[in-house]
Amino acid sequence: MPPKAEKGTVKSVDIIDCSDVEGGSVVGMTTTSNTTASHPSPQVQRTPESHSFWKAGAYDVGPTTKRPPDDGQLEHARVHPKFLHSNATSHRWAFGAIAELLDNAVDEIHNGATFVKVDKIDVVKDNSPALLFHDDGGGMPPERIRNCMSLGFSSKKSNTTIGQYGNGFKTSTMRLGADVIVFTRATTASHATQSIGLLSYTFLRRTGQDDVIVPMIDFDVSGHWAEPIIYGSQDDWSSNLKVILEWSPFPSKEELMLQFEDIGPHGTKVIIYNLWLNDEGIYELSFDDDDEDIRLRDEANQGGLTNLRRKTIELQSHISYRIRYSLRAYVSILYLRKFSNFSIILRGKPVQQLHIADELKYSKVIAYKPRLGGEESEVTVETTFGFVKEAPSIWVSGLNVYHKNRLIRPFWKITADGSSKGNGVVGIIEANFIEPAHDKQDFERSSVFVRLEARMKQILLDYWKNHCHLVGFQPPSARAHHEQKQSHVQLSVGLAANVEQEVVQPMDGLPTNIGQDGSHEKLTSRDGPGSISIDQICEENIQLFVRCEEHMQKEEELKQTAECLEKELEEAKRKLAQISSYLETRRKQKIMGLQIGKF
């Protein structure tokens, strides 16, 4: 027998079709009525049935008993709570979700933000960990927090802001934990407000809701004390407060208000609780391995194996590997340009930003002009390539692609797997001319992106070919010349040359022999016929790849054109058949009329 239903008035998130708002749906304060939402009182524990994020969307949905709208009223489009979970699955990587929340704080720099704190706090109710994000930006007035916690709203039209879809807050918070509570304070002119909003997947599941309900309360703090802002009735406001107290980590109004003490005159505090567990039933985020860091437990465990080879240990200590499990390492390279008056404080200690280009040796800046097509103006982008300082002892390579100062693809391997060419070379580019995917961990695979990939691969290989000898790699041309010389010796001395063949030959891409004095062996860098043909083949392959992509695109366009023409032809045939039938009918009628006239 289901629990007895208990009625309470709670603001529900009503989704309105709005074509002029990016994302297509907003929460309207004026169009949303304070409807009475029926939900069963919970009689079981409040935590979700599944504590693992990837299984949390699997739960039974009961029948709905929503009454039809009254005459003359339009029913709003409902969003089932399951959508919150499925929407959050766009973040496969937990650090990607954290990065989106950091982006929101960084976007507040133009509103005066000077810091964002990321930390772990303890929930007193059940002694569980929670994740805290606190910034001193402009904060959010009541209408803005409603936009923030609705689905698909975005007011970010600037070319400099990182966020653009208005969906990052929901996907990020729901990816990290089942519930989030937001405290924000803002000042506009002489009017100061503070607001509290609760987005609780646990509440929605446990009370059997078939619509996303987001309780919120607002206060006017322009005077000496906080005055509730009432939009509907006092009962509505009290009902929202009751739900927040029941389902948040703070069981009393006094504890809620204490959360504003360290916010100051403006700022926002986001607390994510009921954090997700991994498949082993342990928290996905680890707070215990390092008191000054937050780590991904599964990735960190892979890096903690013992009895590893020295080169493997060196590789795992490099930033390209540490970003997989260390939030401090990832955040250190998350933004391309260093902040002047803004700090990211992770667990009480500021993150030292790392400019990857400063960590390279023999670096070279190369201009790149992407072909954008259409009416878009041409742009010139500077790319930086160089060898990692540890080369050639560790084989780290890849391209770091930023978009609007934000890292999208770190150490993206654009060379072929198994090839030694390109080892040790790292590149950096800010590609504002291509669009990132919704999770900001990849790019939309457009023709511009495909051309970028091909061109960056060519630049990287050219750089490696011309500079690899500086770090002790064997240049391809030297190897070809060496092989040609050995072949000549074989032809000259016959059998004696076979003895020399037993000596290990230097391989393309491997470190050259180094003398006892530490100096590199002198190499004759001469492009032999074999080297030239190989390089030409590589370049031709890249060009053919680009042309192939263009031809495939043209082929698709031609197919669409052919389909349109076939449809037009079918339509013309149909009309011709109708006209022929009509003319035949008219002809028969005319003949019959003539025959009748004779009689």
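Residue 31 in the UniProt record's numbering is what sits at position 31 of the sequence shown, and the numbering runs on without skipping anything. All C-beta atoms in this analysis are idealised placements derived from N, C-alpha and C, irrespective of residue type, glycine included. The structure displayed is predicted, hence computed values, not measured ones.
Exercise for the section: Would you check if the segment 548-558 and the segment 445-454 touch, i.e. whether three or more CB-CB distances between them fall below 8 Å? Expected result: Yes, since at least three Cβ pairs between the segment 445-454 and the segment 548-558 fall closer than 8 Å, the two stretches touch.
Exercise for the section: Below 8 Å on the Cβ atoms is my guess for G139 versus T184; work out the distance and round it to an integer in Å. Expected result: Yes, they are in contact, since the Cβ atoms of G139 and T184 sit about 5 Å apart, within 8 Å.
Exercise for the section: Compute the Euclidean distance between the alpha carbons of Q575 and E568, then round it to the nearest angstrom. Expected result: According to the sequence shown, residue 575 is Lys rather than Gln. Computed Cα separation, rounded: 10 Å.
Exercise for the section: From the DSSP output, read off the bridge partner residues of S286. Expected result: Looking at the DSSP assignment, S286 forms a beta bridge with R295.
Exercise for the section: Sort V212, G208, G232 by Cα distance to D218 and report the nearest one. Expected result: Restricting attention to V212, G208, G232, the CA atom closest to the CA of D218 is found in G232.
Handout entry: Under the three-state DSSP convention, the category L315 falls into
Key = L315 falls in the helix class under three-state DSSP.
Practice task
With DSSP as the reference, please indicate the residues paired to G427 in a beta bridge.
Solution key: Under DSSP, G427 shares a beta bridge with F385, L399.
Practice task
Just the C-alpha distance for T187 and D236, rounded to the nearest angstrom, thanks.
Solution key: Taking the straight line from one Cα to the other gives about 25 Å.
Handout entry: Per-residue burial, T561 [other beta carbons within 10 Å of its own, 16 or more giving buried]
Key = Around the beta carbon of T561, fewer than 16 other beta carbons lie within 10 angstroms, which makes this residue exposed.
Practice task
Give the secondary structure of Q43 by DSSP, where H, G and I count as helix, E and B as strand, and everything else as coil.
Solution key: Its pLDDT being 42, under 50, Q43 is placed unreliably in this model, and the coordinates cannot settle the point.
Problem - For M216, the residue or residues it bridges with in DSSP - result: Residue pairing by DSSP places M216 opposite G197 in a beta bridge.
Exercise for the section: Can you grab the Cα-Cα spacing for the pair P350 / A88, in whole Å? Expected result: Distance between the alpha carbons of P350 and A88 is about 29 Å.
Exercise for the section: Give me whichever residues DSSP pairs with F115 in a beta bridge. Expected result: S343, per the DSSP bridge assignment.
Practice task
Within its chain, find whatever has a CB closer than 6 Å to the CB of D439; leave out the 5 residues flanking it on each side and keep chain order.
Solution key: These residues qualify, in order along the chain: S90, H91, G96.
Exercise for the section: Examine the Cβ distances between the segment 196-212 and the segment 172-180 and report whether three or more of them are shorter than 8 Å. Expected result: As far as the Cβ criterion goes, the segment 196-212 touches the segment 172-180, which means the pair count is three or higher.
Practice task
Using beta-carbon positions only, say whether V123 and A130 come within less than 8 Å of one another.
Solution key: Yes, they are a contact pair.
Exercise for the section: Could you name the residues that DSSP lists as bridge partners for R185? Expected result: The bridge partners DSSP lists for R185 are Q194, G267.
Problem - Element boundaries [beta strand (DSSP E), containing W93] - result: Element bounds for W93: n/a, residue is neither H nor E.
Problem - Best match in M149, A105, Q441 for proximity to L132 [C-alpha to C-alpha] - result: If we check each option's Cα against that of L132, A105 comes out closest.
Handout entry: Where P476 falls, given that 16 or more other Cβ within 10 Å makes a residue buried
Key = Classification for P476: buried.
Practice task
Measure the beta-carbon distance from G427 to T380 and round it to whole angstroms, keeping in mind my assumption that it falls under 8 Å.
Solution key: Between T380 and G427 the Cβ distance is about 16 Å, and since that is not below 8 Å, they are no contact.
Practice task
Tell me, please, which residues DSSP counts as bridged to A357.
Solution key: BP columns for A357 are empty, so no partner.
Exercise for the section: Starting from the Cα of R206, find the closest Cα among W247, K242, H224 and give me that residue. Expected result: Of the candidates W247, K242, H224, the one whose C-alpha sits nearest the C-alpha of R206 is W247.
Exercise for the section: Just confirm the distance between the C-beta atoms of T415 and K389, as a whole number of angstroms; I'd bet it's less than 8 Å. Expected result: Actually they are not in contact, since the Cβ atoms of T415 and K389 sit about 20 Å apart, beyond 8 Å.
Exercise for the section: Buried or exposed for S252, please, with buried defined as at least 16 other CB atoms from any protein chain shown within 10 angstroms of its CB. Expected result: If you draw a 10 Å sphere on the C-beta of S252, you find fewer than 16 other C-beta atoms in it, and that means exposed.
Handout entry: Boundaries of the alpha helix (DSSP H) in which R451 is found, first to last residue
Key = Boundaries of the alpha helix (DSSP H) around R451: 447-467.
Problem - Start-to-end residues for the alpha helix (DSSP H) that takes in R146 - result: Looking at the DSSP string, the run of the alpha helix (DSSP H) that includes R146 is 142-149.
Practice task
Taking only the alpha-carbon atoms, compute the straight-line gap between N405 and S343 and give it to the nearest angstrom.
Solution key: So the alpha carbons of these two residues sit roughly 15 Å apart.
Exercise for the section: Taking 8 Å as the cut-off, decide whether the C-beta atoms of I408 and F443 are in contact. Expected result: Yes, the Cβ-Cβ distance between I408 and F443 is below 8 Å.
Exercise for the section: From the DSSP output, in three-state form, read off W412 for me. Expected result: Under the three-state reduction of DSSP, W412 is assigned to strand.
Problem - Backbone secondary structure at P168 - three-state DSSP - result: The question names Pro, but residue 168 in the sequence shown is Gly. The answer is helix: DSSP assigns G168 an H, G or I state.
Exercise for the section: Would you mind reading off the limits of the beta strand (DSSP E) that contains D135? Expected result: Per DSSP, D135 belongs to the beta strand (DSSP E) from 128-135.
Handout entry: Within 8 Å, strictly: CB atoms of T193 and P141
Key = The Cβ atoms of T193 and P141 lie closer than 8 Å to each other.
Practice task
Consult DSSP for R406 and reduce its assignment to one of helix, strand or coil.
Solution key: Assigned with DSSP and collapsed to three states, R406 falls in strand.
Handout entry: G264 vs D358 beta-carbon contact at 8 Å
Key = No, the Cβ-Cβ distance between G264 and D358 is not below 8 Å.
Exercise for the section: Express the C-alpha separation of I319 and V425 in angstroms, rounding to a whole number. Expected result: Rounded to the nearest angstrom, the two C-alpha atoms are 14 Å apart.
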